[in-house]
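K.L.:
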Amino acid sequence: MAIKKSSSGWLVDSQPSGRGGKRFRKTFKTQAEAKAHEAWLKSQVTQDADWAPKKKDLRKLSALIGLWFDYHGTGLSSGVDTKQRLLSMANAIGDPIASNFSASMFAEYRTKRLEAGLSANSMNREHAYLRSVFNELARLGYWTAENPLGKLRQFKVQQTELSYLTYEQIEELLLELKTAQNPHVRLVTRVCLSTGARWSEAEELRATQVRDGQIQFTKTKSGKVRSVPISDELQSDLEAH
Numbered sequence: 158m159a160i161k162k163s164s165s166g167w168l169v170d171s172q173p174s175g176r177g178g179k180r181f182r183k184t185f186k187t188q189a190e191a192k193a194h195e196a197w198l199k200s201q202v203t204q205d206a207d208w209a210p211k212k213k214d215l216r217k218l219s220a221l222i223g224l225w226f227d228y229h230g231t232g233l234s235s236g237v238d239t240k241q242r243l244l245s246m247a248n249a250i251g252d253p254i255a256s257n258f259s260a261s262m263f264a265e266y267r268t269k270r271l272e273a274g275l276s277a278n279s280m281n282r283e284h285a286y287l288r289s290v291f292n293e294l295a296r297l298g299y300w301t302a303e304n305p306l307g308k309l310r311q312f313k314v315q316q317t318e319l320s321y322l323t324y325e326q327i328e329e330l331l332l333e334l335k336t337a338q339n340p341h342v343r344l345v346t347r348v349c350l351s352t353g354a355r356w357s358e359a360e361e362l363r364a365t366q367v368r369d370g371q372i373q374f375t376k377t378k379s380g381k382v383r384s385v386p387i388s389d390e391l392q393s394d395l396e397a398h
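When the sequence shown is numbered by this note's numbering, its final residue is 398 and no position is left out of the sequence of numbers.
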């Protein structure tokens with residue numbers, strides 16, 4: 158801060174919050190008025206954080222991923238796996254300071270991943286995972302800047318045509334599985350074919366989930382409980398297994 162005598166009075170030329178902060182210049186008729194104004198400027202910096210220059214956010218991208226997991230990811234069924242995927246991404250990108258992370262950085266990483274053989278669909282999932290980190294932290298109040306991936310478009314992916322097993326193919330498959338070394342694989346396959354369940358859902362099935370001609374799936378992808386009717390024969394085989 159400085160008070161100087163000028164041709165029109167006493168000039169206060171001040172940056173009360175230091176280099177990089179806002180500069181104030183004002184002329185007063187008397188030196189006493191200038192000193193009073195200088196003291197007032199100093200008090201404003203002490204009392205009002207808005208007067209002080211914002212400190213640069215030096216948190217690394219991996220630190221934000223840690224926050225995301227602590228306050229959001231722990232509540233997701235796949236939270237631990239997603240955290241590891243995110244940390245691998247951050248490491249591959251170079252774990253930049255999050256405030257310096259940009260869409261162009263991710264675009265460069267994305268190009269390398271595609272060149273290495275990753276599918277566009279899988280790349281879109283990685284994009285969505287990392288974008289959601291910033292979205293969730295913004296909702297929680299741990300991120301106030303813009304989402305660096307908010308305007309970056311995902312790839313358009315051509316959906317592949319679904320194919321189905323014919324009755325003859327199903328019979329052939331089940332017949333072949335009768336000779337399988339794994340004693341569970343045939344029954345798990347029957348559950349998948351009968352209910353449309355994913356392999357992991359059928360493989361982790363418990364006896365308490367099978368009752369009244371239905372299988373109740375609890376750990377579903379959507380998080381909702383769903384019940385699917387099954388035949389008496391399948392229920393008997395499950396109960397006897």
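We treat Cβ as the ideally placed atom computed from N, Cα and C, and that holds for glycine.
Among the candidates E358, K381 and T352, whose CA atom is the shortest distance from the CA of Q371?
P.N.:
Among E358, K381 and T352, the Cα nearest to that of Q371 belongs to T352.
K.L.:
Going by DSSP, name the residue or residues bridged to V385.
P.N.:
V385 is bridged to I372.
K.L.:
On the three-pair Cβ rule with 8 Å, is the region 213-224 touching the region 238-254?
P.N.:
Touching, per the Cβ criterion.
K.L.:
In the DSSP output, what is T184 paired with across the bridge?
P.N.:
Note: T184 sits in a beta bridge opposite L168.
K.L.:
Name the two residues that bound the continuous alpha helix (DSSP H) containing K269.
P.N.:
It spans A260 to E272 - the alpha helix (DSSP H) in which K269 sits, taken as one unbroken run.
K.L.:
Can you give me the start and stop residues for the alpha helix (DSSP H) that S351 sits inside?
P.N.:
Per DSSP, S351 belongs to the alpha helix (DSSP H) from V342 to T352.
K.L.:
Below 7 Å between beta carbons: does that hold for F181 and S165?
P.N.:
Result no, Cβ atoms of F181 and S165 do not sit closer than 7 Å.
K.L.:
Using alpha carbons as the reference points, say which of A285, N257, L198 and I254 lies closest to T239.
P.N.:
Checked all of A285, N257, L198 and I254; the closest Cα to T239 is A285.
K.L.:
Check A337 in the structure and name its three-state DSSP category.
P.N.:
Three-state result, A337: coil.
K.L.:
Out of L330, R355 and A354, which has the shortest C-alpha to C-alpha gap to R343?
P.N.:
If we check each option's Cα against that of R343, L330 comes out closest.
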